[in-house]
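Down below is the structure, laid out as structure tokens.
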């Protein structure tokens with residue numbers, strides 16, 4: 027795991043200067059509130075969607091997104107321009123996901139114990155019931171994975187990013203991402219098979 | 004299980020997440036939270052910065068004026084009772100003369116357990132051993148009188164290091180009969196306290212007043228908060244102000260107040276020297292006799308014998 031992935035300051039001589047003309051990043055670094063609003067307008071929906079897939083819970087996803095954008099002006103100083111701003115923001119979400127994921131998993135297990143399903147207010151009759159059940163089974167299986175493998179699976183399989191893009195988000199080497207994805211898939215297959223999906 | 008099913012599951016998860024078009028996160032909530040965080044951070048700085056500056060400045064001033072060790076000792080005295088309270092009631096047993104009130108709350112009880120340590124000078128505070136160095140000046144004859152050689156030897160003998168005094172006190176305590184009253188905290192602290200420096204803080208406010216009126220022979224008032232205050236005042240009168248009469252009265256007052264204190268032998272010795280200085284030879288001989296006979300556990304015995312010989316020989 028690289029320094030950026032664990033939230034540490036990257037030494038000055040390793041940093042690259044931000045791309046020229048990236049005024050939004052520069053304003054974010056200066057703590058401009060309007061810049062945070064603009065960043066939210068540009069990337070907020072994508073971050074909410076990614077957070078929802080990552081933690082599997084709408085409320086936790088919104089909390090995570092809020093935390094990401096609240097901390098954005100502070101961590102924007104670490105943005106070195108090696109990736110685009112959305113990838114950088116998703117990396118922040120991954121770094122902050124552990125706490126929210128734990129809360130979401132706890133909530134899902136509580137629902138399971140009380141035999142209550144999470145209310146799906148936007149359920150459309152057209153969607154196949156089988157796919158819904160499959161998605162929930164996958165969510166339960168993902169809860170059993172370590173965070174790194176879960177992030178690798180969500181980024182590469184659900185978000186359909188390449189391993190190099192996923193490596194940029196997490197700050198891990200590309201080969202490590204592939205290894206994590208391989209182990210995640212193997213475990214998910216076993217867990218889904220144990221639930222009767224063959 | 005095939006990869007197809009896993010891919011289908013991933014797609015289902017993606018579609019499900021996309022299908023959740025619930026209430027989004029209001030942008031204003033994020034911006035308000037950022038502003039609130041900044042305000043809280045600014046308030047923290049506004050509070051912490053003056054405090055840190057005040058602490059640094061006061062520490063620098065105290066260090067420059069030489070008051071830092073005294074302040075440090077006071078802080079230690081303040082902290083030590085609290086530590087004793089935390090350690091439990093056995094660490095600081097309540098004094099019998101300070102009975103608790105029936106309606107005292109629990110916090111008051113904790114405080115009363117810590118209070119007895121304060122008047123009795125906690126053991127962490129360094130207590131001054133008698134200043135032996137000025138004693139040589141005290142015994143030195145006036146400039147116009149020729150100094151006899153034996154007396155010079157006496158001066159050197161009297162100017163013994165404080166370590167010897169502490170050793171003598173320990174020997175005396177080991178050989179002394181059991182006390183009727185419990186050993187005071189000041190005694191224990193004095194027995195284990197390191198020798199104080201010569202430049203100790205000046206003594207109590209009563210001392211300069213006594214020095215201002217040389218023949219008044221008034222003993223400084225004894226403060227119950229600090230049992231060493233009369234001792235220091237008497238020392239100051241004798242060794243600094245050279246006011247033998249006032250010092251004699253101060254030693255008498257101290258010995259009347261604390262006849263069994265660990266510093267009482269030194270006070271008796273200094274009293275005898277004051278009597279010698281005042282040329283009250285008979286009383287001085289009477290005061291030196293117990294030292295010469297070893298009644299003080301051998302403390303200053305040889306010096307007392309020499310002084311008695313000189314008194315009998317008419318040299319003093």
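Chains as they are written, first to last, in our numbering: chain A, 27 to 224; chain B, 4 to 319. A virtual CB, placed ideally from N, CA and C, is assigned to each residue, including glycine.
- Within chain B, the residues 12, 15, 16, 19 have their CB atoms less than 7 angstroms from the CB of residue 161/A, given in chain order.
- Under the 8 angstroms criterion on CB atoms, residue 187/A is classed as non-interfacial with respect to chain B.
- For residue 32/B, the residues of chain A that pass the 8 angstroms Cβ criterion are 92, in the order they occur in the chain.
- With contacts defined by Cβ atoms closer than 8 angstroms, residue 123/A and residue 74/A do not form a contacting pair.
- Burial state of residue 125/A is exposed, judged by a 10 Å Cβ sphere holding fewer than 16 other Cβ atoms.
- Distance from residue 258/B to residue 275/B at the Cβ level is roughly 11 angstroms; contact not present, criterion being Cβ atoms closer than 8 angstroms.
- By alpha-carbon distance to residue 72/A, the top candidate from 60/A, 94/A, 52/A is 94/A.
- For residue 109/A, no alpha helix (DSSP H) run applies, since DSSP gives it neither H nor E.
- Positions of the beta strand (DSSP E) runs, each at least 3 residues long and wholly inside the stretch 17 to 69 of chain B, cannot be given because no such run exists.
- When C-beta distances to chain A are compared with 7 angstroms, every residue of the stretch 227 to 245 of chain B stays at or above that value.
- Within chain B, the residues placing a beta-carbon under 7 angstroms from that of residue 184/A are 13, 16, 17, ordered along the chain.
- Interface flag for residue 103/A against chain B is unset, since no Cβ pair is found closer than 8 angstroms.
- At the C-beta level, residue 127/A and residue 173/A come within 8 angstroms of one another.
- For the set 188/A, 178/A, 196/A, the Cα lying nearest the Cα of residue 213/A is the one of 178/A.
- Under a 10 Å Cβ-count criterion, residue 105/A is classified as buried, with 16 or more other Cβ atoms of the shown protein chains found around its own Cβ.
- Taken in chain order, the complete alpha helix (DSSP H) segments of 4 or more residues contained in the stretch 70 to 104 of chain A are 84 to 101.
- Taking 8 angstroms as the threshold, the shortest C-beta distance from residue 57/B to chain A does not fall below it.
- Secondary structure note for residue 183/A: it is in no alpha helix (DSSP H), with a DSSP letter that is neither H nor E.
- From the listed residues 301/B, 263/B, 261/B, 248/B, the smallest Cα separation to residue 282/B is found for 248/B.
- For residue 49/A, the closest alpha carbon among the candidates 111/A, 187/A, 90/A is that of 111/A.
- Taking the C-beta atoms as reference points, residue 77/A is found nearer than 8 angstroms to residue 119/A.
- Contact between the stretch 200 to 218 of chain A and the stretch 154 to 172 of chain A is present, with at least three C-beta pairs closer than 8 angstroms.
- For the pair residue 98/A and residue 68/A, the CB atoms are not nearer than the 8 angstroms cut-off.
- Residue 77/B carries a helical assignment under DSSP once its states are collapsed to helix, strand and coil.
- Under the DSSP assignment, residue 201/A falls in the alpha helix (DSSP H) whose first and last residues are 200 to 220.
- Neighbours of residue 96/A across chain B, judged by C-beta separation under 8 angstroms: 33, 36, 37, 40.
- For the alpha helix (DSSP H) assignment, the uninterrupted runs of no fewer than 4 residues enclosed by the stretch 252 to 284 of chain B are, from N- to C-terminal side, 267 to 280.
- Within chain A, not a single residue places a beta-carbon under 9 angstroms from that of residue 81/B; the smallest gap is close to 40 angstroms.
- Around the CB of residue 261/B, 16 or more other CB atoms lie within 10 Å, so the residue is classed as buried.
- A distance of 8 angstroms or more separates the beta carbons of residue 79/A and residue 186/A.
- Flagged as an interface residue toward chain B: residue 214/A, by a C-beta distance shorter than 8 angstroms.
- The C-alpha of residue 159/A is placed about 16 angstroms away from the C-alpha of residue 83/A.
- The residues 74, 77, 78, 81, in chain order, have a CB closer than 7 angstroms to that of residue 87/A in the same chain once the five nearest residues on each side in sequence are set aside.
- In this structure, residue 134/A lies near residue 169/A, with their beta-carbon atoms less than 8 angstroms apart.
- Residue 131/A sits buried, since 16 or more C-beta atoms from the chains shown fall within 10 Å of its C-beta.
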